[in-house]
Amino acid sequence: MTVTKEVRKRKLKISLIVIGSVLAAIIAATGICAIITAVGNAANIAKAQSFDRVVIENQLTPVEDGNGYWTFTTDRDFKVMQFTDIHIGGGFISQQKDSWAINAVAAMITYEKPDLVIVTGDIVYPVPFQAGTFNNLAATKIFIALMEQLGVYWTFAFGNHDTEVYSYYSRKQIAEYYEEQDFEYCLFKRGPDDVDGEGNQVINVKNTLGLITQSFILLDSHSYIDRDYFGIKWRYDNIHPNQIDWYADVIAELNAENITRLGELEAAELPENPETFEIIKSLLFFHIPLIEYKDAWTEYVDNGNADTDNVSFVYGFSRETGKIVFAGVGEDELFETVYELGSTKGIFCGHDHLNNFSLTYYGIKLTYGMSIDYLAYSGIHRVGAQRGCTIIITDSLGNFECHNENYYQDKYATQYDKEVVNMD
8 MTVTKEVRKR
18 KLKISLIVIG
28 SVLAAIIAAT
38 GICAIITAVG
48 NAANIAKAQS
58 FDRVVIENQL
68 TPVEDGNGYW
78 TFTTDRDFKV
88 MQFTDIHIGG
98 GFISQQKDSW
108 AINAVAAMIT
118 YEKPDLVIVT
128 GDIVYPVPFQ
138 AGTFNNLAAT
148 KIFIALMEQL
158 GVYWTFAFGN
168 HDTEVYSYYS
178 RKQIAEYYEE
188 QDFEYCLFKR
198 GPDDVDGEGN
208 QVINVKNTLG
218 LITQSFILLD
228 SHSYIDRDYF
238 GIKWRYDNIH
248 PNQIDWYADV
258 IAELNAENIT
268 RLGELEAAEL
278 PENPETFEII
288 KSLLFFHIPL
298 IEYKDAWTEY
308 VDNGNADTDN
318 VSFVYGFSRE
328 TGKIVFAGVG
338 EDELFETVYE
348 LGSTKGIFCG
358 HDHLNNFSLT
368 YYGIKLTYGM
378 SIDYLAYSGI
388 HRVGAQRGCT
398 IIITDSLGNF
408 ECHNENYYQD
418 KYATQYDKEV
428 VNMD
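Reading the sequence shown from the start, the letters are residues 8 to 431 in this note's numbering.
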């Protein structure tokens with residue numbers, strides 16, 4: 008059968024109409040999603056800005072010291088709140104879950120009234136099939152609006168989800184945004200240009216004698232390696248060698264600063280046991296856990312959930328499956344360096360949302376923060392045992408203690424209704 012020219016034209020016309028209709032439907036759907044996203048994000052920013060400012064009696068105000076480090080000065084205990092894995096999506100799919108996350112963070116900060124909030128990564132989660140967007144800056148702006156409204160000082164370390172390979176904005180661009188906007192309460196610094204990552208930073212606490220009593224050091228634990236661009240193989244990076252060198256240099260620098268200051272004080276001004284200030288006390292914060300978290304947990308479990316010569320249980324549980332601890336897949340010398348230098352007595356991370364245990368391993372406390380996540384793990388918005396914050400109290404001698412607080416306690420009154428969850 009011969010196909011006439013008219014028939015071919017008619018078929019071509021029908022094909023073009025079908026293709027045009029499909030394209031028009033895609034464009035219309037994209038436009039509708041964009042409008043819904045914009046409206047939803049505006050609503051969540053408005054919600055973030057609706058909370059009352061947190062009233063902190065005699066709130067401490069940090070200043071930049073000669074090294075460019077933010078420094079708080081006090082002789083009293085200093086209170087840090089660690090949040091992790093907040094996972095604000097910032098898209099049309101995640102708007103309700105984003106709203107719950109905002110409500111949770113606001114309630115806990117309002118009650119606890121911390122001197123400093125440290126977020127150990129994954130503030131945002133712009134994964135398109137769960138959040139409905141690639142725009143990681145939009146989600147970032149929601150969290151910034153909340154924290155600046157609450158009026159507490161805060162900073163963060165990057166997590167793997169904050170800047171995915173498909174996100175609109177790179178790690179560098181997000182870091183530059185934080186610095187360039189000059190927010191009133193955000194203390195984030197990008198860190199040295201010659202050190203890998205963004206947000207390698209130091210925040211110090213000094214006493215009124217000018218001695219450093221505690222140093223909070225944050226590191227970028229990076230993202231994925233071995234061509235696992237989308238993270239589907241869980242091939243996570245490690246802290247890089249030049250970051251470890253930088254950490255060691257910071258400890259040496261701060262030790263020298265304290266020793267110099269001790270030499271400047273009159274005998275009558277010297278604190279009791281001044282030698283305890285010659286090696287500064289410090290805590291480390293980053294997103295992806297070290298392999299030593301797994302080593303410590305495995306040794307504890309293999310011993311019948313009982314302490315060993317190397318490991319002592321502090322608190323918490325592990326509900327992750329598979330690897331249990333999803334650490335970097337390579338080797339790094341951070342833990343060995345921490346142990347050798349003798350300054351850092353606690354390491355705090357996030358990343359594994361269902362782990363919140365704390366173990367002391369070779370004298371160093373390895374602690375998971377409690378996650379906020381309502382979005383990333385399937386069905387996690389329906390369960391609540393893992394959701395909350397970690398409270399860290401440091402004293403004037405550099406000692407510290409930490410503990411977890413679950414969000415669903417009655418003391419954390421919320422401005423908006425709490426969701427109903429399973430606490431098993």
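Idealized CB from N, CA, C, for every residue including glycine.
Distance, residue j Cα to residue i Cα
i	j	result
Asn245	Val332	14 Å
Tyr381	Asp359	14 Å
His247	Tyr254	11 Å
Asn411	Pro121	14 Å
Glu276	Leu216	8 Å
Asp169	Asn207	15 Å
Glu426	Ile100	17 Å
Leu194	Gly311	43 Å
Ala36	Ile42	Any reading at Ala36 must be qualified, since the residue scores a pLDDT of 48, below 50, and its modelled position is unreliable; the value itself is stated next. Taking the straight line joining both Cα atoms gives about 10 Å.
Gln422	Tyr369	43 Å
Lys5	Ile116	The structure shown does not extend to residue 5, since the chain spans only 8 to 431, so no value can be given for it.
Ala383	Gly270	52 Å
Lys301	Leu272	44 Å
Asp316	Cys356	24 Å
Asp314	Pro69	40 Å
Pro281	Val209	23 Å
Ile63	Glu340	40 Å
Gly386	Arg326	14 Å
Ile371	Ala45	45 Å
Ala145	Lys418	31 Å
Ile224	Tyr307	27 Å
Gly353	Ala392	23 Å
Asn363	Ala274	45 Å
Glu343	Asp59	44 Å
Cys409	Val126	15 Å
Gly376	Cys396	6 Å
Val61	Phe163	19 Å
Host alpha helix (DSSP H) of residue i (start-end)
i	result
Ala263	Pro248 to Glu271
Thr117	Gln102 to Glu119
Thr162	No alpha helix (DSSP H) contains Thr162, which is instead part of the beta strand (DSSP E) from Trp161 to Ala164.
Gln208	Segment Gln208 to Lys213 is the beta strand (DSSP E) holding Gln208; no alpha helix (DSSP H) there.
Phe136	Pro135 to Ala138
Range of the contiguous beta strand (DSSP E) that encloses residue i
i	result
Lys372	Ile371 to Tyr375
Ser222	Ile219 to Leu225
Tyr322	Val318 to Tyr322
Phe342	From DSSP, Phe342 is part of no beta strand (DSSP E) but of the alpha helix (DSSP H) over Leu341 to Leu348.
Lys352	Thr351 to Cys356
Leu361	Taken as a continuous stretch (DSSP letters only), Leu361 belongs to no beta strand (DSSP E), as it is neither H nor E.
Ser289	Ser289 to Phe292
Per DSSP, the bridge partner or partners of residue i
i	result
His410	Ile398
Phe90	Val126
Thr305	Note: Thr305 sits in no beta bridge, so no partner.
Val131	Ile95
Ser325	Asn362
Tyr231	Tyr243
Gly335	Tyr243
Ser174	None, per the DSSP bridge assignment.
Phe85	Thr401
Ser378	Thr91 and Arg394
For residue i, three-class secondary structure by DSSP
i	result
Gln180	helix
Met154	helix
Gln188	helix
Trp241	coil
Glu71	strand
Phe79	strand
Thr367	strand
Val390	strand
Val46	helix
Gln422	coil
Asn429	strand
Phe3	This structure gives no information on residue 3, because the portion of the chain shown stretches from 8 to 431.
Closer than 8 Å to chain D by CB, residue i
i	result
Met430	In the displayed structure, chain D is absent; only one protein chain is listed.
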